[in-house]
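Trainee: For the sequence shown, the positions run 7 to 77 when my numbering is used.
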Amino acid sequence: MTVASPARPESRAAGVHRLVCRNCGAAEDVDRAAEHDPCLEPATGTGFRIEAAEVTFRGLCPACRARADGD
Ligand SMILES: [Zn+2]
């Protein structure tokens, strides 16, 4: 039994992106590849004060990819 992991600290959340497998739902963090991000600002007029933004990459995890490529 492991202790529930705390919410990601802001400093870490700002430096990683998410990987999500569209097949099995596996998700993990991945370090950013570059210092510059793609556009992470919404169109104006939302009324939100933006405090953080995340990028989620969707695709196939290594296990699902191996199964898909193996057929
Ligand atoms: Zn998967």
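Here a beta-carbon is modelled for each residue, glycine too, at the ideal position from N, C-alpha and C.
Spatial neighbours of residue 64 within its chain, please: CB distance less than 7 Å, with the 5 preceding and 5 following residues excluded, ordered by chain position.
Mentor: Taking the first residue of the sequence shown as 1, we reach residue 64 at position 58. Excluding residues within five positions, the ones whose Cβ falls inside 7 Å are 26, 28.
Trainee: Hey, could you find the ends of the beta strand (DSSP E) residue 71 is sitting in?
Mentor: As a working mapping, residue 71 is identified with position 65 in the sequence shown. DSSP places residue 71 outside any beta strand (DSSP E); the residue lies instead in the alpha helix (DSSP H), whose first and last residues are 68 to 76.
Trainee: Compute the minimum distance between the beta carbon of residue 32 and the heavy atoms of ligand 1, and state whether it is under 8 Å.
Mentor: Taking the first residue of the sequence shown as 1, we reach residue 32 at position 26. Yes, the Cβ of residue 32 comes within 8 Å of a heavy atom of ligand 1.
Trainee: Smallest Cα separation from residue 60: which of 32, 31, 36, 30?
Mentor: The sequence position of residue 60 within the sequence shown is 54, counting from 1. Nearest of 32, 31, 36, 30 to residue 60, Cα basis: 36.
Trainee: Please confirm whether residue 38 and residue 62 have their CB atoms less than 9 Å apart.
Mentor: Along the sequence shown, one-based indexing puts residue 38 at 32. Along the sequence shown, one-based indexing puts residue 62 at 56. No; because the gap between Cβ atoms is not below 9 Å, this pair is not in contact.
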